[in-house]
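K.L.:
The first sequence runs 1 to 580 under this note's numbering.
Below you'll find the structure I mean.
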Amino acid sequence: MHEEIDANFLADLFNRIAILLEIKGEDRFKINAYRRVAESLEKETRDIFELYREGKLMEIPGVGKAIAQKISEILESGKLEFYQRLTSEIPEKLIYLREVPEMGPKRIKAVWEKLGIDSVDKLEQAARQGKLRDLPGFGPKVEQKILDAILAIKERRLNRRFPLGEGWKLSELVTGRLSRCNGVVMSSPAGSLRRMKDTIGDLDILVAAKTEAADEVIRAFTELDMVEEVMLSGPTKTSVRFKDDLQCDLRIVEPSRWGTALQYFTGSQQHNVLLREVALKNNLSLSEYAVTDKASGREIVCASEGEVYRILGMSWIPPEIREGTIEIKLALKDGLPRLVELGDIKGDLQMHSTYSDGRRSIREMAEKALLLGRSYMLVTDHSQGLGVARGLSIERLRNQWREIDKLNEEFEGKLVILKGAEVEVKADGTLDYPDDVLGQLDVVVASIHSSLRQDKDRLTERYLKAVTHPLVHILAHPTGRLFGVREGANADWDIIFNAAASCKTFLEINAHPSRLDLSERHIRQAHALGCRFVVSTDAHDLHEEDYMIFGVSQARRAWLEARDIVNTLPLKEFMAQLKR
DNA sequence: GCCGTTTTCGGCCCGACTGTTTTCAGTCG
1 MHEEIDANFL ADLFNRIAIL LEIKGEDRFK INAYRRVAES LEKETRDIFE LYREGKLMEI
61 PGVGKAIAQK ISEILESGKL EFYQRLTSEI PEKLIYLREV PEMGPKRIKA VWEKLGIDSV
121 DKLEQAARQG KLRDLPGFGP KVEQKILDAI LAIKERRLNR RFPLGEGWKL SELVTGRLSR
181 CNGVVMSSPA GSLRRMKDTI GDLDILVAAK TEAADEVIRA FTELDMVEEV MLSGPTKTSV
241 RFKDDLQCDL RIVEPSRWGT ALQYFTGSQQ HNVLLREVAL KNNLSLSEYA VTDKASGREI
301 VCASEGEVYR ILGMSWIPPE IREGTIEIKL ALKDGLPRLV ELGDIKGDLQ MHSTYSDGRR
361 SIREMAEKAL LLGRSYMLVT DHSQGLGVAR GLSIERLRNQ WREIDKLNEE FEGKLVILKG
421 AEVEVKADGT LDYPDDVLGQ LDVVVASIHS SLRQDKDRLT ERYLKAVTHP LVHILAHPTG
481 RLFGVREGAN ADWDIIFNAA ASCKTFLEIN AHPSRLDLSE RHIRQAHALG CRFVVSTDAH
541 DLHEEDYMIF GVSQARRAWL EARDIVNTLP LKEFMAQLKR
């Protein structure tokens, strides 16, 4: 009935409600309640209509009677009276002003009431005319900051997110440089990078150093080549903007307080709020500096994160799932799953060589795989039709098999190289090698590179042909998304994942940082429908074999365990899982 | 608005930094 309404739609709505209530000056706890529900809804992959029909809306973390009723009203009527009333008081348009830094609820209310400003354009105009500086809570500096920020937004330099892989590289550069400063004991990325979100909004770096060493660290940080501008700088906290417009925050703490600091700085914010509530219930107060006994005022200093969680009566929570949903509740009763770990991965199931578009020989790729402790690898050069990637004719494919046979003899079982291919699914859904060739491969990986813009029904049909094909074992980078290049394909994933589950076709979690496909959300969705997965690097060069960590992290963010991922199995057991 | 092995009512995270203040409000994370 109301096709466009789903969990994401509701999350967006509740976020908007939170902003409007803020401007209205409502109780901050009520506002937080809406924010919390919005976050839960973003994680929710069960069908919202089904939850409603089964009376299970209140199973969503943070949803109580009032919000359950509001969700019901929307699902039934497509409307929400509460929202209509709210927006008749506070114009909906004001929400966009929230995207301008320095513009919080108080200032938005001020410009709206005093100057009738309800859009970013009007705000810019007023700032140019010097009309903002005289409002209470404003001044010439704030006015200038707002003007600069609006300009940055218009040039798309602000509110941009960066792929995890880029953040990772930069964080290694920064921590590498800072750890060479005198007195630095430890350094680590924190924030969304440590939680391994597929994109990051800013880069958070934490350094443990003696107080007297802080000056040198801050200097080294602000003088990094890639720094464009120092945004703010205090004794323990410094923020800069890099030349590529990524913002980077540095915090420096005493080594003895590393545990609480790392916990705090890793977030997420919602996770911290809930964690600190647990502390209060135990008559403790948690900050980035210590756990404090409220009764005696005594500080309990934590050098490790494990201590923080232990003092609060729960097991340590992996950063990837610190999103403020149900992880704290489970940790309190020691009920967290054992998430899949990098070390669980036994084989890499998508790797390219110089036969197609890879830059290294099979031997070189294999030697690196062995070094990484893998016990098997699947060579998946492109099939003949993919000209841009120098796809293999059947004849060249057979040559490759002979080389693989020879290499396997050499490696004497220490590493087993499997024969595979990344077979193109053509626009009509047929595969790029005939069945008799596919049948001779150890593992068949199917993927779609072209015509991703087909209409939804045709594309879904094409995917279905691929995942239901009796000789296809794995669907590679299913949605085809490429950060900064294209969104994932628009297909009916429920139908495709259902088919994959029933045909025992595995879904790839492509670990390459330009892809991370499936995304966390799609992994959750597919997992709920009974799919199993593989994590593969899609390596085209030696260093890319190290990308496995990125894929494993997405699996962890989706709460997957080793048993959900087939290439955690030793070779024999893995092969036994393949459909025949 | 949510939530509960100390509560169904009375709580609800905590601190850094800046700018506008003259002791603190606003924003941010």
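Idealized CB from N, CA, C, for every residue including glycine.
Just so it is clear, the structure is predicted and the values come from calculations on it, not from any experiment.
#1: Alpha carbon to alpha carbon, how far is valine 278 from glutamine 69? Give it in angstroms, no decimals.
#2: Along the chain, where does the alpha helix (DSSP H) containing glutamate 422 start, and where does it finish?
#3: Under 8 Å between the Cβ atoms of proline 217 and valine 184?
#4: Examine the Cβ distances between the segment 531-546 and the segment 345-358 and report whether three or more of them are shorter than 8 Å.
#5: Check for me: the beta strand (DSSP E) holding lysine 237 runs from which residue to which?
#6: Three-state secondary structure (DSSP) at serine 129?
#7: At what residues does the alpha helix (DSSP H) containing glycine 165 begin and finish?
#8: When the distance is taken between beta carbons, is valine 340 closer than 8 Å to aspartate 562?
#9: Report yes if the C-beta distance between serine 375 and leucine 529 is below 8 Å; otherwise report no.
#10: With a threshold of 8 Å, are at least 3 pairs of Cβ atoms found where one atom belongs to the segment 240-247 and the other to the segment 268-282?
#11: Using the three-state DSSP reduction, which class does glutamine 554 fall into: helix, strand or coil?
#12: Looking at C-alpha atoms only, which residue of His512, Lys579, Ser268 and Glu229 is the closest neighbour of aspartate 538?
#13: Pull up the DSSP beta-bridge partners for arginine 486, would you.
#14: In whole angstroms, what is the alpha-carbon distance linking isoleucine 317 and aspartate 334?
#15: Since leucine 560 and phenylalanine 533 should fall inside the 8 Å C-beta cutoff, what is the C-beta to C-beta distance between them, to a whole number of angstroms?
#16: My guess is that tyrosine 96 and leucine 13 are in contact by the Cβ rule of under 8 Å, so how many angstroms apart are they, rounded?
#17: For glutamate 520, which option in Cys503, Arg160, His477 and Val379 has the closest C-alpha, if you only look at C-alpha atoms?
#18: Need the endpoints of the beta strand (DSSP E) that valine 566 sits in, please.
#19: When you compare each of Leu482, Ile448, Arg453 and Gly480 to alanine 466 by their alpha carbons, which one comes out closest?
#20: To the nearest angstrom, how far is it from the Cα of threonine 479 to the Cα of leucine 262?
#21: Can you have a look at isoleucine 394 and say buried or exposed, based on whether 16 or more other CB atoms are within 10 angstroms of its CB?
#22: I need the straight-line Cα distance from isoleucine 60 to arginine 53, nearest angstrom please.
#23: Could you check what DSSP says for glutamine 247 in three-state terms: helix, strand or coil?
#24: Do glutamate 508 and isoleucine 474 have their C-beta atoms within less than 8 Å of each other?
#25: Less than 8 Å separating the beta-carbons of alanine 213 and cysteine 181?
#26: Between the beta-carbon of isoleucine 90 and the beta-carbon of isoleucine 23, is there less than 8 Å?
P.N.:
Working from what's here:
#1: Taking the CA atoms as reference points, glutamine 69 sits about 28 Å from valine 278.
#2: For glutamate 422, there is no enclosing alpha helix (DSSP H); the enclosing beta strand (DSSP E) covers residues 416-424.
#3: Inspection of the sequence shows that residue 217 is occupied by valine rather than by proline. With respect to valine 184, valine 217 sits close: the two C-beta atoms are nearer than 8 Å.
#4: A contact exists between the segment 531-546 and the segment 345-358.
#5: Per DSSP, the unbroken beta strand (DSSP E) holding lysine 237 starts and ends at 237-242.
#6: Note that residue 129 corresponds to glutamine in the displayed sequence, not to serine. When DSSP states are grouped into helix, strand and coil, glutamine 129 belongs to the coil group.
#7: Element bounds for glycine 165: 164-178.
#8: Rather than aspartate, the amino acid found at residue 562 in this sequence is alanine. Taking a C-beta distance under 8 Å as the contact criterion, alanine 562 and valine 340 qualify as a contact pair.
#9: At least 8 Å separates the beta-carbon of serine 375 from that of leucine 529.
#10: Result no; under three Cβ-Cβ pairs closer than 8 Å.
#11: Correct three-state label for glutamine 554: helix.
#12: Relative to the Cα of aspartate 538, the nearest Cα in the group His512, Lys579, Ser268 and Glu229 belongs to His512.
#13: According to DSSP, which records beta bridges pairwise, arginine 486 is partnered with Leu482.
#14: Approximately 10 Å between the Cα atoms of the pair.
#15: In this structure, leucine 560 and phenylalanine 533 form a Cβ contact; the two beta carbons are roughly 7 Å apart against a cut-off of 8 Å.
#16: Cβ atoms of tyrosine 96 and leucine 13 stay farther apart than 8 Å, at about 15 Å.
#17: Checking every option, the nearest Cα to that of glutamate 520 belongs to His477.
#18: It is not in any beta strand (DSSP E) - valine 566 carries neither H nor E in the DSSP assignment.
#19: Considering only alpha carbons, the answer is Ile448.
#20: So the alpha carbons of these two residues sit roughly 34 Å apart.
#21: By the 10 Å Cβ count, isoleucine 394 comes out exposed.
#22: Going by C-alpha positions, isoleucine 60 is about 14 Å away from arginine 53.
#23: In this structure, glutamine 247 counts as strand in the three-state DSSP scheme.
#24: Contact flag set, yes.
#25: Less than 8 Å divides the Cβ of alanine 213 from the Cβ of cysteine 181.
#26: In this structure, isoleucine 23 lies closer than 8 Å to isoleucine 90 by Cβ.
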